[in-house]
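Enquirer:
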Amino acid sequence: MAPLYYVISAVLLGFHKLFGDIFGPASGIAWVASIVGLTLVIRAALIPLFVKQIKSSRNMQLIQPKVRELQKKYGHDREKLAQETMKLYRESGSNPFASCLPILLQMPIFLALFRLIDQAAKHPEDVRGLMTVKLNEQFGDAVFLGAKISDTFLDTNDLSVRVLAAALVVAMTVTTFLTQRQLMSKNMPADALSGPYAQQQKLLLYVLPLVFAVGGIAFPVGVLFYWTTSNIWTMGQQFYVIRNNPAPGTPAAKAKADRDRAKAIRKGKLPEAEVAQAEIAAAEPLRPARQQPQRQPRSQRSKNKKKKR
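Numbering (my numbering), first residue to last: 30 to 338.
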């Protein structure tokens with residue numbers, strides 16, 4: 030963990046120098062803003078991994094029909110099914126565990142920050158990374174919105190700490206759930222909504238928020254700020270990718286095609302024939318349905334014939 034302490038403390042203290050000059054080096058807002066800045070730097074560094082994750086996740090969605098075909102073909106032979114499935118994953122460049130990589134890679138950073146805050150509060154004389162005794166004391170004693178950022182929901186009776194910690198835990202849980210739900214409702218084709226991959230996504234939809242909700246009450250407030258900021262980044266980043274580069278055959282892809290067509294019509298870049306067709310299609314629901322004439326009874330038809338004579 031020693032290299033991580035140096036890296037994290039270097040970034041953290043770089044932001045603290047900036048915000049400390051504005052709000053004061055011992056102020057809680059300076060340390061909270063520094064934690065948020067650290068989070069943004071880490072998430073920006075993970076963007077290449079996120080792009081790889083998105084590509085792998087998209088491939089996983091698109092190959093689900095082939096996976097089901099393999100299950101029907103080799104359902105009686107589990108070893109052969111596993112071999113053919115892994116072969117299909119390799120050929121398509123898919124990784125069923127890619128969606129967990131950003132979280133797994135952040136865990137050591139998360140743990141290192143947790144220990145820095147905990148150590149600063151309990152043993153400020155024991156320095157780690159680039160932290161000094163004075164910085165540890167400032168970090169451990171920093172107060173934000175009436176709550177010490179080194180306290181947790183469980184180890185304090187301070188109402189301000191518990192309210193702030195509870196609010197951050199709820200924010201973590203909600204953002205995690207909405208991020209996963211956004212992926213399943215907008216960027217998964219109908220064929221991918223059943224099968225093992227869909228079950229994995231549904232498991233993440235409910236298990237991850239539960240993990241954050243249960244574990245969050247044991248995290249210091251400063252760590253909760255890190256994870257909440259990270260979740261908000263993930264949700265916004267995923268929204269941008271789904272909106273601008275959706276997987277084929279998904280509701281997000283249809284919505285993007287509709288937006289592109291409407292934009293092309295506004296700019297006059299669509300051929301006149303396609304514009305006219307789009308206008309007709311848009312106006313069709315407004316047209317009254319054509320009614321078929323009702324067939325008259327035979328007695329009525331006979332009376333009409335007599336009148337004509």
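We put the CB at the ideal spot given by N, CA and C, even for glycine.
Does DSSP put His45 in a helix, in a strand, or in coil?
Expert: As a position in the sequence shown, residue 45 is number 16, starting the count at 1. Note: His45 maps to helix in three-state DSSP.
Enquirer: Using alpha carbons as the reference points, say which of Ala149, Met160, Phe79, Ala59 lies closest to Ser38.
Expert: For the purposes of this step, residue 38 is taken as the residue at position 9 of the sequence shown. The option with the nearest alpha carbon to Ser38 is Met160.
Enquirer: Considering only residues of the same chain and omitting the five flanking positions on each side of Thr263, which have a CB-CB separation below 7 Å?
Expert: Position 234 of the sequence shown, counted from the start, is the residue given in the question as residue 263. Closer than 7 Å at the Cβ level, and outside the excluded window around Thr263, lie Thr208.
Enquirer: Do Leu339 and Gln100 have their CB atoms nearer than 8 Å?
Expert: Within the shown structure, residues of the chain are numbered from 30 to 338, placing residue 339 beyond reach of any answer.
Enquirer: Quick one: grab the DSSP three-state call for Phe173.
Expert: Residue numbering aside, residue 173 sits at position 144 when the sequence shown is read from its first letter. It is a strand residue.
Enquirer: I'd like the list of long-range same chain contacts for Ala18, defined as Cβ closer than 8 Å, with 5 residues on each side in sequence excluded.
Expert: Outside the modelled stretch of the chain, which goes from 30 to 338, sits residue 18, for which no answer is possible.
Enquirer: Give me the Cβ distance between Asp180 and Pro249, rounded to the nearest whole Å; I'm assuming they're in contact under 8 Å.
Expert: Indexing the sequence shown from 1 puts residue 180 at position 151. Indexing the sequence shown from 1 puts residue 249 at position 220. 6 Å between Cβ atoms; contact.
Enquirer: Check whether the Cβ atoms of Met66 and Ile178 lie closer than 8 Å to each other.
Expert: Here residue 66 is taken as the residue at index 37 of the sequence shown, counted from 1. Here residue 178 is taken as the residue at index 149 of the sequence shown, counted from 1. Note that residue 66 is Gly in the sequence shown here, rather than Met. No; because the gap between Cβ atoms is not below 8 Å, this pair is not in contact.
Enquirer: Hey, could you find the ends of the alpha helix (DSSP H) Glu113 is sitting in?
Expert: The residue you call residue 113 lines up with position 84 of the sequence shown. That run of the alpha helix (DSSP H) goes 107 to 121.
Enquirer: For Leu164, which of helix, strand or coil comes out of DSSP?
Expert: Counting from one through the sequence shown, the residue named residue 164 turns up at place 135. Helix, per DSSP.
Enquirer: Measuring only the C-alpha atoms, how far is Gln266 from Leu232?
Expert: Taking the sequence shown and counting its residues from 1, one reaches residue 266 at position 237. Taking the sequence shown and counting its residues from 1, one reaches residue 232 at position 203. Going by the C-alpha atoms only, they are around 22 Å apart.
Enquirer: Quick test of your reading: Asn165 and Ala149, contact by CB under 8 Å. State the CB separation rounded to the nearest angstrom.
Expert: To locate residue 165, count along the sequence shown from 1; it is residue 136. To locate residue 149, count along the sequence shown from 1; it is residue 120. The pair is a contact, with the Cβ atoms about 4 Å apart (cut-off 8 Å).
Enquirer: Could you pull the start and end residues of the alpha helix (DSSP H) that Leu207 belongs to?
Expert: Mapped onto the sequence shown, residue 207 falls at position 178. Run containing Leu207: 188 to 215, per the alpha helix (DSSP H) assignment.
Enquirer: For Leu239 versus Met213, is the C-beta spacing smaller than 8 Å?
Expert: To locate residue 239, count along the sequence shown from 1; it is residue 210. To locate residue 213, count along the sequence shown from 1; it is residue 184. Contact: no.
Enquirer: What's the gap between the Cα of Ala73 and the Cα of Tyr103?
Expert: Locating residue 73 in the sequence shown gives position 44, where the first residue counts as 1. Locating residue 103 in the sequence shown gives position 74, where the first residue counts as 1. Cα to Cα, the separation comes out at about 43 Å.
Enquirer: What are the start and end residues of the alpha helix (DSSP H) that includes Leu69?
Expert: Taking the sequence shown and counting its residues from 1, the one referred to as residue 69 is at position 40. From DSSP, the alpha helix (DSSP H) with Leu69 extends over 57 to 74.
Enquirer: When the distance is taken between beta carbons, is Leu117 closer than 8 Å to Lys95?
Expert: Walking along the sequence shown from the start, residue 95 turns up at place 66. Walking along the sequence shown from the start, residue 117 turns up at place 88. The answer is yes: Cβ separation under 8 Å.
Enquirer: If you draw a straight line from the alpha carbon of Lys285 to that of Asn273, how long is it in whole angstroms?
Expert: Position 256 of the sequence shown, counting from 1, holds the residue named residue 285. Position 244 of the sequence shown, counting from 1, holds the residue named residue 273. Their Cα atoms are separated by approximately 7 Å.
Enquirer: Grouping DSSP H, G and I as helix and E and B as strand, with all else coil, what is Ser179?
Expert: Indexing the sequence shown from 1 puts residue 179 at position 150. Reduced to three states, the DSSP call for Ser179 is coil.
Enquirer: Buried or exposed: where does Ile71 fall if 16 or more other Cβ atoms within 10 Å of its Cβ makes it buried?
Expert: Locating residue 71 in the sequence shown gives position 42, counting from the first residue. Ile71 should be labelled buried.
Enquirer: Quick one: is the Cβ of Thr205 within less than 7 Å of any heavy atom of the ligand GDP?
Expert: Because no ligand of any kind appears in the structure shown, any question about the ligand GDP cannot be addressed here.
Enquirer: I need the straight-line Cα distance from Leu134 to Leu140, nearest angstrom please.
Expert: The count along the sequence shown starts at 1 and reaches residue 134 at position 105. The count along the sequence shown starts at 1 and reaches residue 140 at position 111. About 11 Å.
Enquirer: With a 10 Å radius around its C-beta and 16 neighbouring C-beta atoms as the bar for buried, classify Ile83 as buried or exposed.
Expert: As a working note, residue 83 is residue 54 in the sequence shown. That one is buried.
Enquirer: Within its chain, find whatever has a CB closer than 6 Å to the CB of Val40; leave out the 5 residues flanking it on each side and keep chain order.
Expert: By 1-based counting over the sequence shown, the position of residue 40 is 11. Taken in chain order, the residues that qualify are Leu67, Val70.
Enquirer: Taking the straight line between their C-alpha atoms, what separation do you get for Thr202 and Ala194?
Expert: In the sequence shown, residue 202 corresponds to position 173, counting from 1. In the sequence shown, residue 194 corresponds to position 165, counting from 1. For Thr202 and Ala194, the distance between alpha carbons rounds to 12 Å.
Enquirer: Sorted by chain position, which residues of the same chain lie with C-beta nearer than 8 Å to Leu42's C-beta, five sequence neighbours on each side aside?
Expert: To locate residue 42, count along the sequence shown from 1; it is residue 13. If we look at Leu42 and ignore the five residues flanking it on each side, its Cβ neighbours are Ser63, Leu159, Met160, Leu164.
Enquirer: Go ahead and label Tyr34 buried or exposed: buried means 16 or more other beta carbons lie within 10 angstroms of its beta carbon, across all protein chains shown.
Expert: Locating residue 34 in the sequence shown gives position 5, where the first residue counts as 1. Buried.
Enquirer: Express the C-alpha separation of Val252 and Leu142 in angstroms, rounding to a whole number.
Expert: One-based indexing of the sequence shown puts residue 142 at position 113. One-based indexing of the sequence shown puts residue 252 at position 223. C-alpha separation (whole angstroms): 7 Å.
Enquirer: Using CA coordinates, which residue listed in Phe168, Val61, Ser85 is at the minimum distance from Asp147?
Expert: One-based indexing of the sequence shown puts residue 147 at position 118. Measuring from the Cα of Asp147, the nearest candidate turns out to be Phe168.
Enquirer: Under 8 Å, do Asn341 and Ala281 count as touching if we go by C-beta distance?
Expert: Because the chain spans 30 through 338 in this model, residue 341 falls outside it and cannot be assessed.
Enquirer: Could you tell me if Arg157 is buried or exposed, where buried requires 16 or more neighbouring beta carbons within 10 angstroms of its beta carbon?
Expert: As a first step, residue 157 must be located in the sequence shown, where it is residue number 128. With 16 or more Cβ atoms within 10 Å of its Cβ, Arg157 is classed as buried.
Enquirer: Helix, strand or coil: how does DSSP classify Asp184 here?
Expert: The residue you call residue 184 lines up with position 155 of the sequence shown. Correct three-state label for Asp184: coil.
Enquirer: Pick out whichever of Gly122, Gln93, Ile76, Lys151 has its Cα sitting closest to the Cα of Ile132.
Expert: Position 103 of the sequence shown, counted from the start, is the residue given in the question as residue 132. Of Gly122, Gln93, Ile76, Lys151, the residue nearest in Cα terms is Ile76.
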